[in-house]
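*Asks:*
Numbering (the numbering used here), first residue to last: 1 to 104.
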């Protein structure tokens, strides 16, 4: 059995355009681990929320609006292959990642 953990340098629920996201993906396993590749994906979307002042104005449109996707980004961390263990019974493999949030 293997575990995968994503650790961000700055743990924040909100990132803005131009922010740099840094972190590491930590994979732990008791033996060799074949995989089909490791991808990191980031999605950003907004939802419409009505305020007390706008009740009645947007009600007709509210049910028909879907979340608006602002950004969708994928980063290949590792190509398909195997992660091998060393002399240790449990091995740890780390993949460092960095990307900038941009809206195209």
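A virtual CB, placed ideally from N, CA and C, is assigned to each residue, including glycine.
Name the DSSP beta bridge partners of residue 34, please?
*Replies:* Looking up residue 34 in the chain shown gives position 34. Answer by DSSP bridge pairing, in chain order: 82.
*Asks:* How many angstroms separate the CA atom of residue 1 from the CA atom of residue 49?
*Replies:* The sequence position of residue 1 within the chain shown is 1, counting from 1. The sequence position of residue 49 within the chain shown is 49, counting from 1. Each residue's Cα considered, the two are about 42 Å apart.
*Asks:* Taking DSSP's pairing of strands, which residues face residue 47 in a bridge?
*Replies:* As a working note, residue 47 is residue 47 in the chain shown. Looking at the DSSP assignment, residue 47 forms no beta bridge with any residue, so it has no partner.
*Asks:* Helix, strand or coil for residue 106? Go by DSSP, reduced to three states.
*Replies:* One cannot answer for residue 106 here, as it falls past the ends of the chain, which runs 1 to 104.
*Asks:* Going by C-alpha distance, which of 80, 36, 20, 9 is nearest residue 100?
*Replies:* Taking the chain shown and counting its residues from 1, the one referred to as residue 100 is at position 100. Looking at the Cα atoms, 20 is the closest of the given residues.
*Asks:* I'd like to confirm the pairing. Which residues does DSSP put opposite residue 94 in its beta bridges?
*Replies:* The residue given as residue 94 occupies position 94 in the chain shown. Answer is 26, bridged to residue 94.
*Asks:* Could you please give me the residues that DSSP links to residue 106 through a beta bridge?
*Replies:* This structure does not reach residue 106, given that the chain is present from 1 up to 104, and the question cannot be answered.
*Asks:* Cα separation between residue 76 and residue 84?
*Replies:* Translated into positions along the chain shown, residue 76 becomes position 76. Translated into positions along the chain shown, residue 84 becomes position 84. Roughly 19 Å separates the two Cα atoms.
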